[in-house]
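*Asks:*
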Amino acid sequence: MDDHYGRRAAMTVDRWRGPNQADDLAMLRADHPNLLAALAWSTETPGEAAAGARLASELRYHWIAGGFLTYRRRWLERLLDRLEAGVPERGDALWVAAWVALIQGDRTVARRYQQECARLAEDLGDRAMTGHATHWGALLALFEGDLPEAIELYGRSIGIHRSVGDLAAELTAAFQLAMAQEYAGNRRDALQTCQEVLELSSRHGELWSHAYALWVSAICHLHQDNLGEAKSAITGVMEIECDFRDGVCTALSTEVISWVATAYGHFENAAALAGIARSVWQHLGTTLAAFGPHALADGQACAARIDAELGAERAAEIRARYAGVGGPEAVRLGLDMAARAGPPDLGDHRTAVLPAAGGGLPPDRSRAAGRARGAPWTGTSSESCASSTSPRTQVVSWVASTTGQPTRGREA
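Numbering (the UniProt record's numbering), first residue to last: 1 to 412.
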């Protein structure tokens with residue numbers, strides 16, 4: 001196998017905690033055909049399975065954030081079939097395979113991989129691997145709806161990640177912990193955890209976990225009916241996605257924008273956003289149901305309200321209109337419809353002006369999600385988001401309120 005690709009993948013993992021994430025994802029996307037060729041060679045060449053598994057594991061963010069879930073599962077499983085039992089490369093491949101299986105909603109397979117990883121970590125005395133096995137056991141518990149178990153396991157895994165100096169894994173576990181805390185009814189803890197992730201990621205210029213912490217913050221504020229805060233947070237996520245093009249984050253964020261639009265009474269826009277989210281999910285090969293019964297219940301409640309307000313036939317027609325929307329266009333449309341969200345105008349608030357999929361957008365009406373630490377944020381328009389020359393995203397510092405103070409406003 002060409003060591004060039006192994007070095008590039010390892011570099012992405014080594015510096016994932018910092019400001020190079022979007023650039024590294026773009027580099028790996030450009031290399032994708034060559035990466036698949038390298039993995040195929042490792043799979044087919046005797047004695048190269050361990051090197052191939054190491055490459056597949058180090059490409060974890062390419063698979064998860066780059067939008068290649070199906071590819072990752074296929075290659076990891078083929079390499080696991082060829083790997084010897086008891087080697088460290090097997091342990092890393094197991095927890096990465098468990099992660100992707102969870103995102104795809106295959107919890108039975110994820111449990112098998114996670115449990116084998118935990119046993120191997122104990123046999124090897126590998127503390128870092130133990131942290132990952134515990135971490136993905138926590139996500140399994142979260143997605144199965146066992147929130148107390150998830151919270152306990154996240155606490156343990158974060159401690160281990162911190163002790164071995166794995167900041168990227170610590171940040172990932174922390175925003176997932178916040179999701180568990182919110183759905184367990186521990187909103188103050190959830191917002192505090194989000195704030196800690198936002199502050200720590202901002203210090204390092206990290207944006208991937210930062211975006212997910214904003215996403216959880218938006219859910220927290222939405223549950224409190226702080227619609228202005230929810231809108232601000234989820235707009236911040238979508239601004240980041242202009243650069244990242246993370247399909248999973250785009251789909252999850254589009255779901256939440258739909259929930260916000262529903263809460264504001266913009267039911268046609270909410271239906272359109274639901275259709276966009278469904279399209280992105282289909283492209284990825286997964287659904288909102290993979291993310292657990294609590295998130296799914298939020299989505300189902302939103303869908304039921306849309307159907308009740310518009311009528312099931314009209315709502316289905318709007319959703320179907322956006323069935324072909326892909327990730328980058330989903331971000332563009334999501335930003336535009338988030339900018340429209342606000343208190344309904346007088347008259348029939350079920351009606352909204354829907355932007356056309358694939359068409360032009362009106363001038364930017366989005367607003368800054370916050371201020372970067374020590375510097376103003378100039379914002380990114382929905383039009384520049386769609387452009388190949390959009391500026392590097394600077395949303396780094398929207399910090400979730402944990403004080404329970406009133407929302408800062410619900411302006412459009």
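We put the CB at the ideal spot given by N, CA and C, even for glycine.
If you follow the alpha helix (DSSP H) that His266 is part of, which residue opens it and which one closes it?
*Replies:* Within the sequence shown, numbered from 1, the residue matching residue 266 stands at position 266. Unbroken run through His266: none, as it is neither H nor E.
*Asks:* Compute the Euclidean distance between the alpha carbons of Leu79 and Leu177, then round it to the nearest angstrom.
*Replies:* Translated into the one-based positions of the sequence shown, residue 79 becomes position 79. Translated into the one-based positions of the sequence shown, residue 177 becomes position 177. Using only the alpha carbons, I get a separation of about 31 Å.
*Asks:* Output needed for Ser387: all residues of its chain with C-beta closer than 6 Å, excluding positions within five of it in sequence on either side, in chain order.
*Replies:* Counted from its first residue, the sequence shown places residue 387 at position 387. Any reading at Ser387 needs caution, since the residue's pLDDT is 44, under 50, leaving its predicted position unreliable; the model's value is listed next. Excluding sequence neighbours, Ser387 sits near nothing in its chain.
*Asks:* Using alpha carbons as the reference points, say which of Asn226, Trp63 and Gly292 lies closest to Ala93.
*Replies:* For the purposes of this step, residue 93 is taken as residue 93 along the sequence shown, with counting starting at 1. If we check each option's Cα against that of Ala93, Trp63 comes out closest.
*Asks:* Does the pairing of the region 99 to 106 with the region 48 to 67 give three or more beta-carbon distances under 8 Å?
*Replies:* yes
*Asks:* Restricting to Cα atoms, I'd like to know which of Gln115, Arg8 and Asn226 is closest to Ala263.
*Replies:* Mapped onto the sequence shown, residue 263 falls at position 263. Answer by Cα proximity: Asn226.
*Asks:* Of the residues Ala338, Arg107, Arg90 and Glu149, which one's Cα is nearest the Cα of Ala121?
*Replies:* Against the sequence shown, residue 121 aligns to sequence position 121. The option with the nearest alpha carbon to Ala121 is Arg90.
*Asks:* For Thr235 and Trp259, I'd like the C-alpha separation in whole angstroms.
*Replies:* The residue given as residue 235 occupies position 235 in the sequence shown. The residue given as residue 259 occupies position 259 in the sequence shown. The alpha-carbon atoms of Thr235 and Trp259 are separated by roughly 13 Å.
*Asks:* Assuming Val164 and Arg127 make a contact with CB atoms under 8 Å, what is their CB distance in whole Å?
*Replies:* As a position in the sequence shown, residue 164 is number 164, starting the count at 1. As a position in the sequence shown, residue 127 is number 127, starting the count at 1. At roughly 6 Å, the Cβ-Cβ gap stays under 8 Å, so Val164 and Arg127 are in contact.
*Asks:* Less than 8 Å between the CB atoms is what I'm expecting for Ile151 and Ala173, so what's the real figure, rounded?
*Replies:* The residue you call residue 151 lines up with position 151 of the sequence shown. The residue you call residue 173 lines up with position 173 of the sequence shown. Not a contact, Cβ separation roughly 11 Å.
*Asks:* Any contact between the region 312 to 324 and the region 271 to 287? By contact I mean 3 or more CB pairs, one from each, below 8 Å.
*Replies:* Put simply, the region 312 to 324 touches the region 271 to 287. At least three CB pairs are less than 8 Å apart.
*Asks:* Report yes if the C-beta distance between Phe267 and Ile306 is below 9 Å; otherwise report no.
*Replies:* On the sequence shown, residue 267 is found 267 positions in, with the first residue counted as 1. On the sequence shown, residue 306 is found 306 positions in, with the first residue counted as 1. Contact flag set, yes.
*Asks:* Where does Pro328 sit, in a helix, a strand or coil, going by DSSP?
*Replies:* On the sequence shown, residue 328 is found 328 positions in, with the first residue counted as 1. Assignment of Pro328 by DSSP, reduced to helix, strand and coil, places it in the helix class.
*Asks:* What does the alpha-carbon distance come out to for the pair Pro46 and Ala40?
*Replies:* The sequence position of residue 46 within the sequence shown is 46, counting from 1. The sequence position of residue 40 within the sequence shown is 40, counting from 1. Roughly 12 Å between the two C-alpha positions.
*Asks:* Look up Gly67 in the DSSP assignment and say whether it is helix, strand or coil.
*Replies:* Taking the sequence shown and counting its residues from 1, the one referred to as residue 67 is at position 67. Gly67 falls in the coil class under three-state DSSP.
*Asks:* Is the beta carbon of Leu25 sitting closer than 9 Å to the one on Asp246?
*Replies:* Within the sequence shown, the letter at position 25 stands for residue 25. Within the sequence shown, the letter at position 246 stands for residue 246. For Leu25 and Asp246, yes; Cβs fall inside 9 Å.
*Asks:* Please list the terminal residues of the continuous alpha helix (DSSP H) segment that includes Phe244.
*Replies:* By one-based count along the sequence shown, residue 244 stands at place 244. Start and end: Leu227 to Phe244.
*Asks:* Under a three-way DSSP split, which group does Asp14 fall into?
*Replies:* Position 14 of the sequence shown, counted from the start, is the residue given in the question as residue 14. Three-state result, Asp14: helix.
*Asks:* Let me check understanding here. Comparing Cα to Cα, which of Leu140, Asp123, Leu124 and Gly125 lies closest to Ala97?
*Replies:* As a position in the sequence shown, residue 97 is number 97, starting the count at 1. Nearest C-alpha to Ala97: Leu140.
*Asks:* By DSSP, does Ala85 sit in helix, in strand, or in coil?
*Replies:* Walking along the sequence shown from the start, residue 85 turns up at place 85. In this structure, Ala85 counts as coil in the three-state DSSP scheme.
*Asks:* Find out if the Cβ-Cβ distance for the pair Leu28, Trp75 is shorter than 9 Å.
*Replies:* As a first step, residue 28 must be located in the sequence shown, where it is residue number 28. As a first step, residue 75 must be located in the sequence shown, where it is residue number 75. Not closer than 9 Å, so no.
*Asks:* Tell me, to the nearest whole angstrom, how far the beta carbon of Trp136 is from that of Gln115; I am working on the premise that it is less than 8 Å.
*Replies:* Translated into the one-based positions of the sequence shown, residue 136 becomes position 136. Translated into the one-based positions of the sequence shown, residue 115 becomes position 115. About 10 Å; that fails the 8 Å criterion.
*Asks:* Quick one: what's got a C-beta closer than 7 Å to Leu284's C-beta in the same chain, skipping five residues either side?
*Replies:* In the sequence shown, counting from the first residue as 1, residue 284 sits at position 284. Cβ within range, chain order: Gly67, Leu69, Gly247, Val248 and Ala251.
*Asks:* May I ask which residues mark the beginning and end of the alpha helix (DSSP H) holding Gln300?
*Replies:* Locating residue 300 in the sequence shown gives position 300, counting from the first residue. From DSSP, the alpha helix (DSSP H) with Gln300 extends over Pro293 to Leu310.
*Asks:* Smallest Cα separation from Ser202: which of Gly18, Ala295 and Asp14?
*Replies:* Taking the sequence shown and counting its residues from 1, the one referred to as residue 202 is at position 202. That would be Gly18, whose Cα lies nearest to the Cα of Ser202.
*Asks:* Starting from the C-beta of Ala341, find all residues in its chain whose C-beta is less than 8 Å away, skip the five residues before and the five after it, and write them out in chain order.
*Replies:* For the purposes of this step, residue 341 is taken as the residue at position 341 of the sequence shown. Excluding positions up to five away in sequence, the list reads Leu227, Lys231, Ile257, Val260, Ala261, Tyr264, His266, Asn269 and Ala412.
*Asks:* Do you know how far the Cα of Val325 is from the Cα of Gly299?
*Replies:* The count along the sequence shown starts at 1 and reaches residue 299 at position 299. The count along the sequence shown starts at 1 and reaches residue 325 at position 325. Spanning the two alpha carbons is a distance of roughly 19 Å.
*Asks:* Which whole-angstrom value describes the C-beta separation of Ala118 and Leu55, a residue pair presumed to lie in contact below a C-beta threshold of 8 Å?
*Replies:* Here residue 118 refers to the residue found at position 118 when the sequence shown is read from its first residue. Here residue 55 refers to the residue found at position 55 when the sequence shown is read from its first residue. 23 Å between Cβ atoms; not a contact.
*Asks:* So Ala141 is in the alpha helix (DSSP H); what residue range does that whole segment cover?
*Replies:* Indexing the sequence shown from 1 puts residue 141 at position 141. That run of the alpha helix (DSSP H) goes Arg127 to Glu144.
*Asks:* Using CA atoms only, rank isn't needed, just tell me which of Leu142, Tyr212 and Asp166 is closest to Arg15.
*Replies:* Mapped onto the sequence shown, residue 15 falls at position 15. Arg15 has its Cα closest to that of Asp166, out of Leu142, Tyr212 and Asp166.
*Asks:* By Cβ distance below 6 Å, which residues in the same chain neighbour Ser42 in space, the five residues on each side in sequence not counted?
*Replies:* Translated into positions along the sequence shown, residue 42 becomes position 42. Excluding residues within five positions, the ones whose Cβ falls inside 6 Å are Met1, Glu48, Ala51 and Gly52.
*Asks:* Please return the same chain residues whose Cβ sits closer than 7 Å to the Cβ of Val216, not counting the five positions on each side in sequence.
*Replies:* As a position in the sequence shown, residue 216 is number 216, starting the count at 1. Sequence-distant Cβ neighbours of Val216 in its own chain, meaning closer than 7 Å and more than five residues away, are Phe175, Ala178, Met179, Glu182, Ala190 and Cys194.
*Asks:* So, under 8 Å CB-CB, Ala274 and Ala303 are touching, yes? Tell me the CB distance rounded to an integer number of Å.
*Replies:* By 1-based counting over the sequence shown, the position of residue 274 is 274. By 1-based counting over the sequence shown, the position of residue 303 is 303. Confirmed, about 6 Å.
*Asks:* Compute the Euclidean distance between the alpha carbons of Val13 and Ala110, then round it to the nearest angstrom.
*Replies:* What you label residue 13 is simply residue 13 of the sequence shown in a count that begins at 1. What you label residue 110 is simply residue 110 of the sequence shown in a count that begins at 1. Straight-line Cα distance between these residues: approximately 22 Å.
*Asks:* Excluding the 5 residues preceding and the 5 following Leu296 in the sequence, name in chain order all residues of the same chain whose CB lies nearer than 6 Å to its CB.
*Replies:* Taking the first residue of the sequence shown as position 1, residue 296 is located at position 296. Excluding residues within five positions, the ones whose Cβ falls inside 6 Å are Leu288 and Ala289.
*Asks:* Can you name, in chain order, every residue of its own chain whose Cβ lies under 8 Å from the Cβ of Leu124, other than the five neighbours on each side?
*Replies:* Walking along the sequence shown from the start, residue 124 turns up at place 124. Cβ neighbours of Leu124 beyond the five flanking positions: Gly86, Pro88 and Gly91.
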